[in-house]
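A short write-up of the structure that comes next.
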Amino acid sequence: MERAWCSRTVPVLREPLMSMEPTTLKPASRELPMARSMCWHCQSEVCGEYFCGRCVKVQPLSKELDYFTCMNLPRLLNIDEKSLEEMFYSLSRTFHPDFYANKDEAEKAVSLGNTALLNTAYRTLKDPLQRAEYLIRLEAGSAKDIRSAPPADLFDEILELQEDLEEYRSMSEGAESERGRELRVKLQAERETLETRQQQLKARLFEKFDDWDKLQGLSEDSAEIRDKKSAVLKEMQEILSNRTYIRNIVNDLVSATS
Numbered sequence: 002m003e004r005a006w007c008s009r010t011v012p013v014l015r016e017p018l019m020s021m022e023p024t025t026l027k028p029a030s031r032e033l034p035m036a037r038s039m040c041w042h043c044q045s046e047v048c049g050e051y052f053c054g055r056c057v058k059v060q061p062l063s064k065e066l067d068y069f070t071c072m073n074l075p076r077l078l079n080i081d082e083k084s085l086e087e088m089f090y091s092l093s094r095t096f097h098p099d100f101y102a103n104k105d106e107a108e109k110a111v112s113l114g115n116t117a118l119l120n121t122a123y124r125t126l127k128d129p130l131q132r133a134e135y136l137i138r139l140e141a142g143s144a145k146d147i148r149s150a151p152p153a154d155l156f157d158e159i160l161e162l163q164e165d166l167e168e169y170r171s172m173s174e175g176a177e178s179e180r181g182r183e184l185r186v187k188l189q190a191e192r193e194t195l196e197t198r199q200q201q202l203k204a205r206l207f208e209k210f211d212d213w214d215k216l217q218g219l220s221e222d223s224a225e226i227r228d229k230k231s232a233v234l235k236e237m238q239e240i241l242s243n244r245t246y247i248r249n250i251v252n253d254l255v256s257a258t259s
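So this is what it looks like as structure tokens:
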């Protein structure tokens with residue numbers, strides 16, 4: 002069964018959260034890696050808090066922080082969206098730039114940097130497709146980024162579709178001719194077929210989410226488990242690549258026939 006997509010708007014930290022200074026907040030225990038072990042302002046040791054214990058300046062998060070760790074989530078594809086949102090807002094209350102409006106430029110910059118990282122992590126993990134693409138990059142490396150290529154089983158069909166699309170586009174005023182109307186009907190039918198294919202690919206991808214999460218709970222020391230995880234990553238990459246290609250074709254069809 003296809004899983005429902007969340008339709009809630011992803012919040013971006015733009016509006017004030019509350020009118021209070023960060024120094025009135027009780028410093029949170031550090032759960033995320035900091036960019037450095039010494040305070041950027043007073044050079045004292047940063048030991049376990051988002052704020053320096055001596056000068057109470059906010060500290061920058063590490064740029065190497067992965068998004069799952071950032072949001073205190075295991076590296077799974079079926080995530081607890083409530084936990085994601087709660088962690089996002091908890092950290093937002095700590096780092097939001099509105100809290101630092103009266104601070105010096107250096108502290109404002111730290112706040113902005115931390116907030117940018119939080120926003121990107123939240124948006125990426127909130128969306129299932131972006132979450133899968135990001136996990137593949139984490140696990141398989143940048144050399145295996147999502148590509149855009151035609152699905153092998155649709156190659157001939159897509160070639161014919163592209164020829165029809167080019168002919169229709171070149172007709173200009175002739176699009177209302179008998180041939181133009183014939184092509185339009187054909188292209189609209191192809192669009193519906195490809196949109197159905199998109200939904201099927203999404204359903205297949207969600208099945209792979211379950212496969213990945215089951216493997217994540219097993220021993221990393223097993224060569225068999227590592228091979229199975231690599232296979233699942235490859236399958237997800239292929240599904241995402243095919244879906245990206247089909248989405249681009251659908252967008253072209255919408256643009257041409259709308």
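Residues in the sequence shown are numbered consecutively from 2, following the numbering used here.
Just so you know, even glycine gets a beta-carbon here, dropped at the ideal spot from N, CA and C.
| Asked | Found |
| --- | --- |
| With 16 other Cβ atoms within 10 Å as the buried cut-off, status of residue 112 | buried |
| Buried or exposed (CB count within 10 angstroms, at least 16 for buried), residue 98 | buried |
| Extent of the continuous alpha helix (DSSP H) to which residue 224 belongs | 224-258 |
| Contacting residues, own chain, Cβ-Cβ under 6 Å from residue 1 (five flanking each side not counted) | There is simply no residue 1 to check, as the chain begins at 2 and stops at 259 in what is shown. |
| Per-residue DSSP class, three states only, for residue 14 | Low per-residue confidence applies at residue 14: pLDDT is 43, beneath 50, and the placement is therefore not dependable, though the value from the model is reported in the following sentence. Correct three-state label for residue 14: coil. |
| Inter-residue spacing [alpha-carbon to alpha-carbon] between residue 204 and residue 193 | 17 Å |
| Runs of alpha helix (DSSP H) lying entirely within the segment 95-129, each at least 4 residues, in chain order | 106-127 |
| Three-state secondary structure assigned by DSSP to residue 186 | helix |
| Residue 159 versus residue 132: straight-line alpha-carbon distance, rounded | 28 Å |
| Residue 78 - containing alpha helix (DSSP H), residue span | From DSSP, residue 78 is part of no alpha helix (DSSP H); its letter is neither H nor E. |
| Below-8 Å beta-carbon distance, residue 152 vs any chain C residue | Of the protein chains in this structure there is only one, and it is not chain C. |
| Segment contact flag, the segment 242-259 with the segment 180-189, C-beta cutoff 8 Å, min 3 pairs | yes |
| DSSP three-state assignment for residue 35, whether helix, strand or coil | strand |
| Cutoff 7 Å; reference residue 68; Cβ partners in own chain excluding five residues on either side | 122, 125, 126 and 135 |
| Cα-Cα separation, residue 220 to residue 87 | 30 Å |
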